[in-house]
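Asker: Before we start, here is the structure in question, set down as structure tokens.
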């Protein structure tokens, strides 16, 4: 991990400054300010009172941020009730995804569950089948943990070459949230697992009745029945009033609007783990139970939706990295398509199975760039190239593409999704 | 800090369970479910499709969470444009305050600044006066840090005895947010501080032109010019597009809608640091420059706005603690007005000058309770009683009351703000 001070020293002493241009200096202080109508106290907001504290019981973003929204891709799915809304990664910074912008995926639209009628049943291979209300759940000890949720299909279009122009679309099936909830282990222990209990099947209360098979070892390890996200109640599109959190594993398993957990001795082989969420290989066989999300990263700025807004000189490259197996220990970036790699600076809390933010500060010479980032996680796993993935897995799958992403940036600072080999 | 496993073991083996009652068991599984119309697949949300991904480009809370809002107190201030909107601490969990619920305090209402017209000037005792646009700011290296912001007047009404029934009102002038921004140090270094530069005066662009004097040592230490909160752009009521972050110090200094930083050799003695934000003592003299927020805690659940919703038996007590001097190392709680103290369990990331979440799980016998929490920070400072504070500072001030809060809980689980001596 690169040192901020060292990086900054090199950065600020770079060629642009040495060339005499002031980084901050389109105007240099009071004298220049006289010629700039945007400076100081002539703005309307300095001359009139704004709205009072009675105006916004629950606040919302500035009208100047209207473009910062989730977006869907019409042609990607047959119907908006069974579709995807992508997180605008290129508009965010830090590691928290705000609740209003969290990637959403539904199979039967957003269930609007009345919390007083919420029930969670645990049945199957248990000593005592149990039913929990929300009030019951809130009487168990809680934990607070930040985890990324990534859809297995994130970057799925990239298997067959670059297709979508924007990291919101190529990598936006992800969010990173701090959950509050009850360790699933406590609920399973309360019900009492029978000795042949090896699998659980969480089931959603929406009209798709989403189900997945999860091995008991994971359920007892770190799964959470969560009812809060980023401090407040879960949002409806994230499973209000309670969802399953399956840290580091593919998002489809994090069953929303949770209503039942069946305990069994073998997997159920339901639709979402047979015809879907399996990785079809070149030889026609499919990888199954590929739950864990491999280490991955993407440069969010610049990117196709977020060109470099200034000319050459000091430039902040930023991105995110994550791994389903632990923390991110290094991110390397290249601006010349892999000829030279540089250590990025990871900034902010480095938490297990949580998104990490990285920066690389460089002095742009104004010539075209080929940008890539490569993450290394705490197990030593190194994010592969797309070609390396294809060599092993072919191009038939739409799942688990964690290959290195390339952006081409032209002399105007505009970026494009490309591949280099 | 108490161990979760140990606590839970004691908790789940408590008297209520020993007495034969099932914690989760108002119904115990499928058989009982037949009699309960709320269980399983007869709910409307399981029978019909919900809204699709095109419905909510920017999401919002469930309609069942309408009561989770900031609230103001009409009689507290003369006008809503110069008033306070309190965070509903009793409705939150974990350590993050969602952006829509962050405490807000204005002196001339919410300034709606157009970011393209934002300018930040640095002038005074500098080598080169500078003016920065938002685009300029975004070309400096950024950091991501989570900090609490507490108004110096938080709990101010408590100096003269318990007055407000709810932790939203007694302790809700606080929020805890992850900021992204540029260390102020880099901007001051770019301008070049003269050798006699000892103080800075940040100034807001709203109609109140808020100003405070801040010593240069703090400005160079950890202050940030922030433009993102919890991953997205600052909210208008939090200073969009840029505010000052002054970690651990009173909220009034975190100037919003930042437009100018003057550098000087002595403090300016402006209104907000003379007639306001000074602590009037018993002898008529005032403490000044009491910037740092002392360690403090409050039990958020149960509390007057959040009674115990169930009868006796397993009960989760929860609260928050923070210190302007570091992390929180211990929180002790009592349920009998101080006769016996118990170590609370601190859960979630423990970050410097950030809010900490604590829990105490106990088995309620259904008799009245006197609840208190007491925080200890990483410097060893112990949160005092209100009486200990009054003995030193009298009762004239409205600022810097970090005394221990007491809630009385009656046999129905309803709580009230009281004092015990």
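Protein chains in written order, with this note's numbering: chain X, 701 to 1121; chain Z, 701 to 1121. Note that CB positions come from ideal geometry on N, CA and C, so glycine has one too.
Please classify residue 742(Z): is it buried, with 16 or more other beta-carbons within 10 angstroms of its beta-carbon, or exposed?
Answerer: That one is exposed.
Asker: Taking just the CA atoms, how far does residue 970(X) sit from residue 1087(X)?
Answerer: Straight-line Cα distance between these residues: approximately 32 Å.
Asker: When the cut-off is 9 Å and only beta carbons count, does residue 804(Z) lie next to chain X?
Answerer: Output row for residue 804(Z): interface = yes.
Asker: Does DSSP put residue 952(Z) in a helix, a strand or coil?
Answerer: DSSP places residue 952(Z) in helix when its eight states are reduced to three.
Asker: Measure from the C-beta of residue 852(X) to each C-beta in chain Z and report whether the shortest distance is under 9 Å.
Answerer: Answer no: the Cβ-Cβ gap between residue 852(X) and chain Z never drops below 9 Å.
Asker: So which residues of chain Z does residue 906(X) contact, with C-beta pairs closer than 7 Å?
Answerer: Correct list: 745, 746, 750.
Asker: Just the Cα atoms here: how many angstroms apart are residue 870(Z) and residue 943(X)?
Answerer: In a straight line, the C-alpha of residue 870(Z) is about 32 Å away from that of residue 943(X).
Asker: Please state whether DSSP places residue 1079(Z) in a helix, a strand or coil.
Answerer: Reduced to three states, the DSSP call for residue 1079(Z) is coil.
Asker: Tell me the residue span of the alpha helix (DSSP H) that contains residue 870(X).
Answerer: Taken as a continuous stretch (DSSP letters only), the alpha helix (DSSP H) holding residue 870(X) covers 867 to 871.
Asker: Determine the contact status of residue 683(Z) and residue 1107(Z), defining contact as a CB-CB distance below 9 Å.
Answerer: There is simply no residue 683(Z) to check, as chain Z begins at 701 and stops at 1121 in what is shown.
Asker: Classify residue 997(Z) as buried or exposed, calling it buried when 16 or more other Cβ atoms lie within 10 Å of its own Cβ.
Answerer: Under this definition residue 997(Z) is a buried residue.
Asker: Please confirm whether residue 1033(X) and residue 1022(X) have their CB atoms less than 9 Å apart.
Answerer: No.
Asker: In this structure, how does DSSP classify residue 817(Z) when only helix, strand and coil are distinguished?
Answerer: Here residue 817(Z) sits in helix by DSSP.
Asker: Can you tell me whether DSSP reads residue 781(X) as helix, strand or coil?
Answerer: Residue state, collapsed to three classes: helix.
Asker: Have a look at residue 957(Z) and residue 1062(Z) and give me their C-alpha separation to the nearest angstrom.
Answerer: So the two alpha carbons sit approximately 45 Å from each other.
Asker: Are the beta-carbon atoms belonging to residue 1090(X) and residue 859(X) less than 9 Å from one another?
Answerer: Yes, these two residues count as a Cβ contact at 9 Å.
Asker: For the alpha helix (DSSP H) containing residue 1116(Z), name the first residue and the last one.
Answerer: Looking at the DSSP string, residue 1116(Z) is not in any alpha helix (DSSP H); the run it does join, the beta strand (DSSP E), is 1115 to 1118.
Asker: Flag residue 853(X) as yes when its Cβ comes closer than 8 Å to any non-hydrogen atom of the ligand SAH, and as no otherwise.
Answerer: Absence of the ligand SAH is noted for the structure shown, with no ligands found whatsoever.
Asker: Please state the DSSP three-state secondary structure of residue 899(X).
Answerer: If DSSP states are grouped into helix, strand and coil, residue 899(X) belongs with the strands.
Asker: Measure the alpha-carbon distance for residue 1048(X) versus residue 827(X) and round it to whole angstroms.
Answerer: Rounded to whole angstroms, residue 1048(X) to residue 827(X) spans 44 Å at the Cα level.
Asker: At 4 residues or longer, and completely inside the stretch 871 to 946 of chain X: list those alpha helix (DSSP H) runs for me, N to C.
Answerer: Here the runs fully enclosed are 884 to 891, 916 to 921.
Asker: When the cut-off is 9 Å and only beta carbons count, does residue 1045(X) lie next to chain Z?
Answerer: Taking Cβ atoms only, chain Z reaches closer than 9 Å to residue 1045(X), which makes this a yes.
Asker: Run through DSSP, which three-state label would residue 776(Z) get?
Answerer: Three-state DSSP puts residue 776(Z) in a helix.
Asker: What's the gap between the Cα of residue 887(X) and the Cα of residue 829(X)?
Answerer: Their backbone Cα atoms lie some 11 Å apart in a straight line.
Asker: With distances taken from CA atoms, which of 937(Z), 961(Z), 812(Z) is nearest residue 757(X)?
Answerer: Here the closest residue by C-alpha is 937(Z).
Asker: Give, in chain order, every residue of the stretch 810 to 823 of chain Z whose Cβ lies closer than 7 Å to some Cβ of chain X.
Answerer: Flagged, chain order: 810, 811, 812, 813, 814, 815, 817, 819, 821, 823.
Asker: Quick one: Cα of residue 882(X) to Cα of residue 1054(X), how far?
Answerer: So the alpha carbons of these two residues sit roughly 19 Å apart.
Asker: Count the other CB atoms within 10 Å of the CB of residue 890(X); is the residue buried (16 or more) or exposed (fewer)?
Answerer: Buried.
Asker: What in chain Z is Cβ-close to residue 952(X), meaning under 8 Å?
Answerer: Ordered by position in chain Z, no residue passes the 8 Å Cβ test against residue 952(X), which lies about 16 Å from the chain.
Asker: Any C-beta of chain X sitting closer than 9 Å to the C-beta of residue 1119(Z)?
Answerer: False, the Cβ-Cβ gap to chain X never drops below 9 Å.
Asker: Flag residue 663(Z) as yes if its beta-carbon sits less than 9 Å from any beta-carbon of chain X, otherwise no.
Answerer: With chain Z covering only 701 through 1121, there is no way to say anything about residue 663(Z).
Asker: Note down the Cα distance separating residue 1077(Z) from residue 976(Z), rounded to an integer number of angstroms.
Answerer: One C-alpha to the other measures close to 27 Å.
Asker: For the stretch 781 to 790 of chain Z and the stretch 814 to 828 of chain X, state whether three or more C-beta atom pairs, one from each stretch, are separated by less than 8 Å.
Answerer: Touching, no, given that fewer than three Cβ pairs across the two stretches are closer than 8 Å.
Asker: Who are the near neighbours of residue 1030(Z) in its chain, counting only those whose CB is closer than 6 Å to its CB and skipping five residues on each side?
Answerer: Counting only Cβ-Cβ distances below 6 Å, and skipping sequence neighbours, we find 1076.
Asker: Short of 8 Å Cβ to Cβ, which residues in the stretch 751 to 765 of chain X face chain Z?
Answerer: So the list reads 751, 752, 753, 754, 755, 756, 757, 758, 759, 760, 761, 762, 763, 764, 765, given in the order they occur along the chain.
Asker: Taking DSSP as the reference, what is the three-state secondary structure of residue 1010(Z)?
Answerer: Here residue 1010(Z) sits in coil by DSSP.
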